[in-house]
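Below you'll find the structure, written out as structure tokens, and then a few comments.
Numbering (UniProt numbering), first residue to last: 1 to 480.
See the structure below:
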């Protein structure tokens, strides 16, 4: 699994599988958020001390699960309803070649003999869903093939999959098709074959080029081997090439992090995503640290310095920061899928464990492959966690997308949730005074410090949404 699975999590590596993969179950009731909980002490170092820890504000907070007996009927209604807007699609390949310590979402060990049958499942699903109004009624301009490790599939199976996507889905002529993968088990011949059938972007999970750290995390290839593969992939010249790096890894010092940034620049790739390590309680990484097998990871303050340093170094080298965690340096890299997901657009999910959203609902495909096949054979919808999104979902998405892109549009959010500006005015003034960003007219622009704490800022503004909603509700009750 590479880092695309974290991109709704505020920049923490594998913070959530919100739009694909093992999407977390939707809580029936959201815990009340208080705006005052997100005020920052004036005079502290905003980059390293604004908050004690990074928080995550999931877009599904406050979703209302659909009753089990209604799931099939509601799901059929969702797919029978046309859409007007352009959508994206996510295809999940739930197999991993190794279980990496930093990843909290390992599901199935990769077995070569499982690949062809799984692609058969995907093609059958695409054929069935392609006839529905939801899928066929409007264009799709980005497809993400993620996992797991999709690049582990045999070249012929990947070709079949991509050809199936192009045959069954209403893709735009310039549709971005991303293949997620890792250098291990991926070669230039396979890369060329998938490019031939329409893959336009390859996202490679690197994490670090430090061989010592890679070995401790369970990665197979050395740093130089990964660097060589990426260099050759760029030289192939067939697709955009992006990779991801994690800062805050155990035993990964500042000098190694600087070296990682230098290597990324030297390789000539089109884009890089920077993620903070997220340690899952009870997960393999946390267990290894607790047992003394690994040194403790970086503190939030140390992570903040690593993040800001990397962004500043890359900017000085001519890279353009297009989101909180993603930087580009070529016109070949659009990052279209990830930007669309932040905006809360319709996402059509395919494959075991893929998560999607449409027409005010979110859901996840059943992740157990055998169970999924059994449900399909029984003519049951192979979905779980189907839920109505929160009433303020659109406003929440606008907050997340605005912070991610570097400017919060207060007027647009106010139009969706009247009272929002009043609710968050003291908070934004505090953040500006504390050094997390700049209030400019009808917008708020986070700086490097604010960008690092993006999850906390999103949570604070979400609390403002709740406050505005409650104020409106109280006003309505008072007028009765």
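Yeah, the Cβ is synthetic: ideal placement off N, Cα and C, and Gly gets one too.
Residue state for residue 350 is assigned as strand, using DSSP reduced to three classes. Unbroken alpha helix (DSSP H) stretches of 4 residues or longer found wholly inside the region 388-472: 393-405, 410-416, 420-434, 448-452, given in chain order. When the beta-carbon positions are compared, residue 247 and residue 310 come within less than 8 Å of each other. Under DSSP, residue 273 shares a beta bridge with 244, 326. Contact check for residue 179 against residue 236 fails: the beta carbons are separated by 8 Å or more.
Judged by DSSP secondary structure, residue 88 falls within the beta strand (DSSP E) whose first and last residues are 87-93.
When DSSP reads this structure, residue 74 sits in no beta bridge, so it has no partner.
Around the C-beta of residue 378, fewer than 16 other C-beta atoms lie within 10 Å, and the residue is accordingly described as exposed. Assigned with DSSP and collapsed to three states, residue 62 falls in coil, not helix or strand.
Annotation: residue 205 is outside any alpha helix (DSSP H); the continuous beta strand (DSSP E) that includes it extends over 201-207. Burial of residue 347 is indicated by the presence of at least 16 other C-beta atoms within 10 angstroms of its C-beta. Looking at the DSSP output, residue 365 bridges to 383. Here residue 177 carries a strand assignment [DSSP, helix/strand/coil]. Collapsing the DSSP output to three states places residue 218 in coil.
Taking a C-beta distance under 8 Å as the contact criterion, residue 269 and residue 226 do not qualify as a contact pair. Here residue 142 is bridged, per DSSP, to 88, 176.
Distances from the alpha-carbon of residue 294 to those of 216, 365, 111 put 216 closest.
In the structure shown, residue 357 adopts extended strand secondary structure according to DSSP, grouped into three states.
Going by DSSP, residue 263 is part of the alpha helix (DSSP H) stretching over 254-267. With respect to residue 393, residue 437 sits apart: the two C-beta atoms are not nearer than 8 Å. In this structure, the alpha-carbon of residue 197 lies about 39 Å from that of residue 308. Excluding the 5 residues flanking it on each side, residue 74 has same chain C-beta neighbours closer than 8 Å at 66, 361, 386, in chain order.
By the C-beta criterion, the region 442-454 is judged to be in contact with the region 401-414, since at least 3 inter-stretch pairs fall below 8 Å. In its chain, beyond the 5 residues on either side, 35, 420, 423, 424, 427 have a beta carbon closer than 7 Å to the beta carbon of residue 464.
The region 50-65 makes contact with the region 452-459; the number of CB pairs closer than 8 Å reaches 3 or more.
Judged by pairs of C-beta atoms under 8 Å, the region 295-306 does not touch the region 319-328, as fewer than three such pairs exist. When rounded, the separation of the alpha-carbon atoms in residue 336 and residue 267 is 22 Å. For residue 341, the uninterrupted alpha helix (DSSP H) run begins and ends at 336-342, by DSSP.
Collapsing the DSSP output to three states places residue 183 in coil. In the three-state reduction of the DSSP assignment, residue 223 falls in the helix class. Taking the CA atoms as reference points, residue 398 sits about 26 Å from residue 133. In the three-state reduction of the DSSP assignment, residue 152 falls in the helix class, which pools H, G and I.
For residue 129, the enclosing alpha helix (DSSP H) begins and ends at 112-129. Contact between residue 91 and residue 383 is ruled out by a C-beta separation of about 16 Å, above the 8 Å threshold. In the three-state reduction of the DSSP assignment, residue 316 falls in the helix class. Closest by C-alpha distance to residue 363, out of 260, 457, 251, 352, is 352.
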